[in-house]
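Asks:
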Amino acid sequence: MKYLIALVSLGILLLVYMFIQAMSYKTRHYELSGGAEFRFLHITDIHIGLLFISSSRIKKTIIETKPDFILISGDFLDCPKHIKKLEKWLKGIESGIRTYAVLGNHDHRCFISDPNFKNEFMRLMKSLNIQILINETVVLNDKNNSSVLALVGLDDCKTGILFDKKIFEGLKDKYKFVLAFSHNPDVSLHIPEGSVDLFVAGHFHGGQIWLPFNLEYMLLRKEKVCRMGHIKGFAAIRNNMVYISRGLGTVLVPFRFFSVPEITVFDIKP
């Protein structure tokens, strides 16, 4: 009996620990060499229905790090009914900083489940000055008003519209830095070789709940990038630098294990 009690107690402690991990987050800072100078902050996988990180904490990080712009790599929510909760959270991180976003597979699934929801979602993004990029390029200027950065927002490759590779033609020759972002890291497999200086994505949650031998990825996921061994952090794919974020929220269960949520700050230096 005492062994059963010990086992149950251990299980409860493990669940508490995993819930605490889901409530915490780490700000990761990286400095990269590039032809331009700017700082951006990357957020992904909000999953507002199972998010336990307050907007006030994220806003504090935004204020402290002072990024030139913010990128959000999709999966805002899992269910249309969470739109008001998402609105409140996004208003809580408003800081007057330019914000660009792409859509994730969960966002697209919400649109499929309720065809009218897409318009409601897009209106909300517009009202919050969050520019949704669907296979589009935005040119950003530096402090001297010179066009130095090409920002390419790419739709989800599984549930969205796969981009035309022509979108990257000439960008490396014309701009000092080409930055692309999307939701699913598998998008990187479609980007022409050597076409971007950095590509950032999310989707994998860094595993969310760690299992030995990468069992989650081998058994539960069909994405190619994770089966190549690229789960989180930096990777080189098709001669392009890729960063895969662990994201903020959770799906299915409100737990994380050995995969602390993150937001990422990148400093690009000449």
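Taking the working numbering, the leading residue of the sequence shown gets 63, the next gets one more, and so forth. Backbone N, C-alpha and C fix where the C-beta goes; we use that ideal spot for every residue, glycine too.
Between the alpha carbons of F179 and G311, how many angstroms are there, rounded?
Replies: Whole-angstrom Cα-Cα distance: 21 Å.
Asks: Using 8 Å for Cβ pairs, my map puts D107 next to D137. What's the rounded Cβ distance?
Replies: That pair is a contact at about 5 Å.
Asks: Going by DSSP in three states, A98 sits in which element: helix, strand or coil?
Replies: Residue state, collapsed to three classes: coil.
Asks: Taking C-beta to C-beta, are N302 and I271 nearer than 9 Å?
Replies: For N302 and I271, no; Cβs fall outside 9 Å.
Asks: Roughly how many angstroms separate the alpha carbons of V262 and V78, rounded to a whole number?
Replies: Rounded to whole angstroms, V262 to V78 spans 31 Å at the Cα level.
Asks: Return the CA-CA distance between K331 and P129, expressed in angstroms with no decimal places.
Replies: Each residue's alpha carbon lies about 14 Å from the other.
Asks: Exposed or buried, which one is A298 when buried takes at least 16 other CB atoms within 10 Å?
Replies: Flag for A298 reads exposed.
Asks: Could you spell out where the beta strand (DSSP E) holding R333 opens and where it closes?
Replies: Nothing about residue 333 can be reported from this structure: the residues present for the chain run from 63 to 332 only.
Asks: Going by DSSP, name the residue or residues bridged to M303.
Replies: A298.
Asks: In three-state DSSP terms, what is D226?
Replies: Of the three classes helix, strand and coil, the one that applies to D226 here is coil, per DSSP.
Asks: On the three-state DSSP scale, how would you describe V287?
Replies: Three-state DSSP puts V287 in a helix.
Asks: Compare the beta carbon distance of I306 and G291 with 9 Å and say whether it is the shorter of the two.
Replies: Not in contact: I306 and G291 (Cβ atoms no closer than 9 Å).
Asks: Quick one, which of F100, E93, I145 and T127 has its alpha-carbon nearest H109's?
Replies: For the residues F100, E93, I145 and T127, the minimum Cα distance to H109 belongs to I145.
Asks: Between the stretch 226-235 and the stretch 183-194, can you find at least three pairs of beta-carbon atoms closer than 8 Å?
Replies: Touching, no.
Asks: How is V200 classed by DSSP in three states: helix, strand or coil?
Replies: Correct three-state label for V200: strand.
Asks: For A242, which option in G309, G215, L148 and K228 has the closest C-alpha, if you only look at C-alpha atoms?
Replies: The shortest Cα separation from A242 among G309, G215, L148 and K228 belongs to G215.
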